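Enquirer: Structure provided below as structure tokens; questions to follow.
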Amino acid sequence: MPNRNLNKPLLLLGAIALLFPYFLCGQSAPQWQFDHYDGSVGLAHDYVLCLYQDSRQILWAGTYRGLLAWDG
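Just so we're aligned: the sequence shown equals residues 2 to 73 in this note's numbering.
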């Protein structure tokens, strides 16, 4: 007959080992922030087709009505 007193600590250790990576990943998740910009702030069109950030940290936005450079 197996010793039940030894199984409890092993079961607890196994549960901790399985859940440990879950708690590590949850703490390192990035916090994303989204801001909505429209024509009231100078954007040529509300629908942006593409975004590009160059080496000078200028964000370029391509819209249906033209190209916008934003230095934020």
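Ideal placement from N, C-alpha and C gives every residue a C-beta, glycine not left out. Predicted model, so just to flag it, every value in this text is computed and none were measured.
For A45, which of G67, G15, D55 has the nearest alpha-carbon?
Expert: G67
Enquirer: When the Cα atoms are used, what is the spatial distance from Y53 to A18?
Expert: A straight line joining the alpha-carbon of Y53 with that of A18 spans about 42 Å.
Enquirer: By how many angstroms is the C-alpha of K9 removed from the C-alpha of F21?
Expert: 18 Å
Enquirer: Can I59 and D72 be called in contact, C-beta distance under 9 Å?
Expert: yes
Enquirer: Have a look at G40 and W33 and give me their C-alpha separation to the nearest angstrom.
Expert: 23 Å
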